[in-house]
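Protein chains in written order, with this note's numbering: chain B, 368 to 967; chain X, 476 to 729; chain Z, 586 to 705; chain C, 1201 to 1316. Take a look at the structure set out below.
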Ligand SMILES: Cc1cc2nc3c(=O)[nH]c(=O)nc-3n(C[C@H](O)[C@H](O)[C@H](O)COP(=O)(O)OP(=O)(O)OC[C@H]3O[C@@H](n4cnc5c(N)ncnc54)[C@H](O)[C@@H]3O)c2cc1C
Ligand code: HEM
Ligand code: SF4
Ligand code: F3S
Ligand code: FES
């Protein structure tokens, strides 16, 4: 099959989560009509739909009942009374959450445009929960100093995703559901298209476009315990890296403190928000030792570290003593049924535990990837530390690193990030097209190279003992153990060696399914190859960063070090030699938001 | 606590079919070690990883929110990611998994949902808001939002669609999932094309084709109630003009 | 003119309600207690104009219900979809013919002396 | 087929509905013979009162009763929000139908067996 088919669009978006669909919708609204969106899952299956808690924006609809303190009840702000929230406050919270590694120009844009984004969502049909007077309801979220999480019960992401996909359909966006992007074509720093497979038939296509955007989501699947969907294999990140684009801040991976034991499935932050306790094997509320003030409500990175310490010191629970207990029994059946029904269902379905009567074993779970493909505030991908654009290539959402989250993301800020910068990238691409962007020629037959890659996987000798699943499992084990909540030089060096070994073993791995039709075995192998690609970047970046900042915590360098490390990591692919590390400065307003100690 | 290390051996009976190679679907048995918290999806993943890599199925989120993994377990449609194997074992210690019935099989558990999505798009699942929108949000009351809750929770898994007897014989029928979606937009006070929607869903393939069989409710993994949505739409379709007039009135104060 | 599915539905449900009332009456009065049926037993009741009225209503309900019901059953099959309009009109014609024939029959019940052949 | 109480009641309702519709036309044909005079009428009536028809009439009664009671259930579902109680409603229909069929069918059975 050397003759491959070609499809051409003005804009091709890879990924149909919030970032991808927003970009397509915004570009379409701006007048570009020839847009193709590919997604390896049906768009509505994208992981954005799993988000529960909410999406941040300082709407000023709600305030704590005066005098009731920081965890008291909330009430609607009566019309005409003073607002309590502002974009400045949101900005400060975000910067502090990012441990000062977030780019402040990008954060400023995000928090300023946030209310407008929420209203646009609302005008397009999103069903937000409401206050009595008809305004959008809001609630508290970790790390935010005011209640500014706008939500739809406990399935916010689901509602946003459906709204935006349906509007994109309304505006005539063409979707390619269950198409898998295999390669990105960049020549002379100009992006010319992608290579993709129609999963149903197994056929490859060269897809040419004047502008390409990646919104391929996160990469939590490199860890054994993760809250991420099986699709979150960081394909976009690995593909871009292979195509010569650098990756930024890959060492920063957020671990959520309450993943179901052994499964990683997320138990909402609301569990602790509603007053849940964390207990070790002795039954002690161990947070007393680590954050006596905020206890269980300390920020995610801190709580995850505390849990891990208990586990490491032998006070863990569960079969492998690898978890701790989340205790919700004291909340009583009424509160549990009314406020945490989904959580109760999850614990019951997956572990057979009824949280009304029993404690649930939980453990930190890989949750969110702060790093990714570096891009500016218009989603324009950059090729180096100076910000040189890769012409025609854009990125937004979790796969991108516009760096609004820096070293640690605040809950509810990522739905905002994905939507908002998806929208901005869509508008920027539309302007790019309308200003006369060209369709550049492609040299050679890039689809043929992918064809050969797939053929190699299928041709691997059936006698080979090496299995893709085994390699994947070993990688995940390594990442969880040696590049997880706590890190140190020795273990990360070991992890790096292990990854090299796995990379060397991979070419011998065999794929059992030899058919063309809907071959998830081949796709699984390709995804594993992607995991191996970016995992090396993660570990290499983390190994080099000899400080502790946000989610990156080293036991051998336990302090933040602004003198040497207030900078982004930028990793380039360097042929077979492995990653080459570089650095990029952080955009900081030294007058208004100078770095401070991060205390809660 | 349920999570203990003890394992037991079970039989997973799977319907296998690759139309390119096989004449017709066959049942194959796989023996597997599971623990009490192994889900059916875990079991499938395990079989794929260790016994037969060509086993094909869809999945993504692993916790009943993405709608990928609807299949037929022991004759009942369900998601497999939130169902523990233990809960479905028959007397012989086996569980039978097939693809969703009455849909063309692409491969193994993967079915062709083309007609399902066509019907979804047919009801124009998007809201068409008024031309001039307010500076801030439309003022919907909590009651108006509550009326939309059920429909909004649908994850488009297709369990209902594949269980409905009417769609089984007639793919022109809009189907429970899409009618539930239609009810979401029809009941939304912000919608401006309610009249067209009601005309479309009261046509030959719409709400009056439902014979109140309730399979959709029984099959729905999110415990939603498409039948009730259909009955509501039936009533609104019969008093369409009055309802649309009331809607116009309501929109003046949004 | 388009055959409206809404109308069909309404007719079927309305006639169902009609049937509950008239059919129950009919069954109790005409067939209870069970016994041998012949003209003399039937005419006992049918001599009254009120019964003729009720039986005509029953006839109308039953026919509307049966015809719309059969239309539903047939058009449920996907392939028949194309012929819906034709089937709709066929149903209307079938109803009309049957209703006229049935009405004539009901009216034909007279006491022996005056029995006349309405349809030769 | 996807077998549930809902499907079962639907199938029964449909079969009885079609059977009843066919019967309706048969019935009209029988009664319609009055147009040919009283003799023709009694003649045709006699044909359909042979013993076998007496048993068929019981089946007919069962069909009407089940179909009617189940039809009422659908009307209830349409006018009230009771889809949640679908299983209880199903069993209620079964019980009520059974009782009515016995109440109406027993005398008919006696008549059929007794033959007078
Ligand atoms: C359990 C959970 C709960 C969360 N809750 C919250 C919350 O309450 N608030 C909040 O702000 N954030 C939350 N987040 C984070 C947030 O949901 C994500 O960061 C955000 O949705 C990412 O959106 P996205 O559009 O970038 O990617 P996704 O929604 O993940 O979409 C990725 C898309 O790319 C496609 N794709 C990937 N690879 C390929 C390929 N090779 N070829 C073709 N297509 C491809 C996929 O099919 C998919 O359509 C949560 C995350 C998790 C895991
Ligand atoms: C006692 C009174 C009756 C009631 C309450 C009743 C009710 C109903 C209802 C509600 C339906 C709709 C079913 C659906 O939409 O799925 C229906 C269908 C039907 N009825 Fe009746 N019915 C009655 C008597 C009869 C009689 C006497 C006949 C025969 C002439 C009949 C023939 C049919 C037919 C053919 C259908 C279509 C079958 C179907 O759609 O499943 N019904 N009935
Ligand atoms: S209504 Fe229920 S079963 Fe049907 S698609 Fe939606 S979630 Fe799935
Ligand atoms: S199963 Fe089908 S027939 Fe109606 S009640 Fe549900 S849509
Ligand atoms: S895997 Fe997403 S619903 Fe089961």
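From the three backbone atoms N, C-alpha and C, an ideal C-beta is built for every residue, glycine too.
Query, Result
"CB of residue 601 of chain X within 8 Å of CB of residue 537 of chain B, strictly", "yes"
"Proximity test, residue 1153 of chain C beta-carbon vs ligand 4 heavy atom, cut-off 7 Å", "The question about residue 1153 of chain C has no answer here: the residues shown for chain C are numbered 1201 through 1316."
"Beta-carbon proximity check, residue 590 of chain Z vs residue 679 of chain X, cutoff 8 Å", "yes"
"Any C-beta of chain X under 8 Å from that of residue 526 of chain B", "yes"
"Proximal residues to residue 711 of chain X (C-beta, below 7 Å), its chain only, five neighbours per side dropped", "661, 673 and 718"
"Span of the beta strand (DSSP E), counted from its first residue to its last, around residue 939 of chain B", "934-939"
"Chain C contacts made by the stretch 597-608 of chain Z, where a contact means CB separation under 9 Å", "598, 601, 602, 604, 605 and 608"
"Paired residues, beta bridge with residue 1281 of chain C - DSSP", "According to DSSP, which records beta bridges pairwise, residue 1281 of chain C is partnered with nothing at all."
"Residues bridged to residue 429 of chain B (per DSSP)", "B:443"
"Residue 1215 of chain C, buried or exposed, once every other Cβ within 10 Å from all chains shown has been counted against 16", "exposed"
"Separation of residue 545 of chain B from residue 1275 of chain C, as counted between CA atoms", "43 Å"
"Residue 778 of chain X: CB within 7 Å of a non-hydrogen atom of ligand 4", "Because chain X spans 476 through 729 in this model, residue 778 of chain X falls outside it and cannot be assessed."
"Pairwise C-alpha distance: residue 373 of chain B and residue 1290 of chain C", "57 Å"
"Check whether residue 700 of chain B and residue 729 of chain B have beta carbons under 8 Å apart", "no"
"Residues of the stretch 559-574 of chain X with Cβ closer than 7 Å to any Cβ of chain C, in chain order", "none"
"Selected residue, minimal CA-CA separation from residue 687 of chain Z, among Z:638, Z:587 and Z:623", "Z:638"
"For residue 566 of chain X, the three-state DSSP class (helix, strand or coil)", "coil"
"Cutoff 6 Å; reference residue 500 of chain X; Cβ partners in own chain excluding five residues on either side", "490 and 492"
"Proximal chain X residues relative to residue 669 of chain Z, where beta-carbon distance stays under 8 Å", "679"
"Three-way DSSP call (helix, strand, coil) for residue 729 of chain X in this model", "coil"
"C-beta neighbour in chain Z for residue 1206 of chain C, strict 8 Å", "no"
"Separation of residue 380 of chain B from residue 800 of chain B, as counted between CA atoms", "14 Å"
"Proximal residues of chain Z, C-beta to C-beta of residue 1281 of chain C below 9 Å", "Result: empty, since nearest Cβ-Cβ is about 17 Å, beyond 9 Å."
"Top-ranked residue by Cα proximity to residue 568 of chain X, from X:543, X:549 and X:624", "X:549"
"8 Å Cβ cut-off: residues of chain X touching residue 1274 of chain C", "687"
"Residues of the stretch 1214-1231 of chain C with Cβ closer than 8 Å to any Cβ of chain Z, in chain order", "1214, 1217, 1218, 1220, 1221, 1224, 1225, 1228 and 1231"
"Residue 691 of chain X Cβ short of 7 Å to ligand 3 heavy atom set", "yes"
"Counted within 10 angstroms of its Cβ, other Cβ atoms place residue 946 of chain B as buried (16 or more) or exposed", "buried"
"Residue-chain proximity (residue 610 of chain Z, chain C), Cβ-Cβ < 8 Å", "no"
"Residue 657 of chain B, enclosing alpha helix (DSSP H) - first and last residue", "654-657"
"Burial state of residue 566 of chain X, where buried means 16 or more other Cβ atoms lie within 10 Å", "exposed"
"Where the alpha helix (DSSP H) containing residue 674 of chain Z begins and where it ends", "669-693"
"Identity of the residues DSSP links to residue 813 of chain B by a beta bridge", "Looking at the DSSP assignment, residue 813 of chain B forms no beta bridge with any residue, so it has no partner."
"Neighbour flag for residue 694 of chain X against chain Z, beta carbons, 8 Å", "no"
"Neighbour flag for residue 1278 of chain C against chain X, beta carbons, 8 Å", "yes"
"Per DSSP, cross-strand counterpart(s) of residue 571 of chain B", "B:564"
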